[in-house]
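Undergrad: Let me begin by handing over the structure; questions about it come next.
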Amino acid sequence: MRHSIPALCLCAWMTGCTSVGDTVPGTAVASGKAAGSSRISECKSTDTQIDSSSQCLQDDAACYELRNGKWCTGERGNICPAGSVALPAGQPCPPGNRCFRVGESLECTIN
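Number 100 in the working numbering belongs to position 29 of the sequence shown; there are no gaps in the numbering.
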């Protein structure tokens, strides 16, 4: 019994942490709708506010919803992570390499 009270407090604290916070600007909202409490109130400084998700830029662009129901979009330049290099468009993955897609228009390879 005496161990259950600290465990309950820890559980309640962790639950509160997971249900509070804003969506990070510049991340795509995969489902098109975020939970009401997780929407942000303004676009990132490099993004543009638009009326609907259908107006979002395509190909590796951000598209996220604001609290007021408007949307934000902006270009995102994808780069290959350290230790990998960009695979030229349309090229197959070289034999013996590992290839992975970073975005709609960028695939990277590791020897």
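Glycine is no exception: its CB is placed at the ideal position from the N, C-alpha and C atoms. These figures come from a predicted structure and were not determined experimentally.
Any idea if ALA153 is buried or exposed, counting beta-carbon neighbours within 10 angstroms, 16 or more meaning buried?
TA: Classification for ALA153: exposed.
Undergrad: Counting pairs of Cβ atoms below 8 Å between the region 126-143 and the region 154-170, do you hit three or more?
TA: With a cut-off of 8 Å, the region 154-170 and the region 126-143 do not count as touching, because too few Cβ pairs lie within range.
Undergrad: Taking ARG110 and ALA133 to be in contact with their CB atoms under 8 Å, please state how far apart those CB atoms are, rounded to whole angstroms.
TA: Actually they are not in contact, since the Cβ atoms of ARG110 and ALA133 sit about 14 Å apart, beyond 8 Å.
Undergrad: Between the alpha carbons of THR180 and CYS164, how many angstroms are there, rounded?
TA: One C-alpha to the other measures close to 7 Å.
Undergrad: Report the start-end ranges of each beta strand (DSSP E) in the region 118-161 that is 3 residues or longer and not cut off at the edges.
TA: Within the region 118-161, the complete beta strand (DSSP E) runs of at least 3 residues are 119-121, 132-136, 142-146.
Undergrad: What number of angstroms, rounded off, separates the C-alpha of ALA83 from the C-alpha of LEU137?
TA: Interpretation of ALA83 is limited by its pLDDT of 42, a score under 50 that renders its predicted location unreliable; the figure taken from the coordinates is listed afterwards. In a straight line, the C-alpha of ALA83 is about 28 Å away from that of LEU137.
Undergrad: Considering only the alpha carbon of each residue, which of ARG172, LEU177, GLY145 lies closest to SER116?
TA: The candidate whose alpha carbon is nearest that of SER116 is GLY145.
Undergrad: What residue from ILE150, TYR135, PRO166, ASN149 has the CA that sits closest to SER124's CA?
TA: Among ILE150, TYR135, PRO166, ASN149, the Cα nearest to that of SER124 belongs to TYR135.
Undergrad: My understanding is that ASP122 touches GLY174, with C-beta atoms under 8 Å, so please give their C-beta distance in whole angstroms.
TA: Not really, about 25 Å apart at Cβ, beyond 8 Å.
Undergrad: Give me, in chain order, the residues of the same chain whose beta-carbon lies closer than 6 Å to that of VAL95; leave out the 5 immediate sequence neighbours on both sides.
TA: Low local confidence applies: a pLDDT of 41 at VAL95 is under 50, so the model's placement there is unreliable, with the coordinate-based value given in what follows. Here the set comprises nothing.
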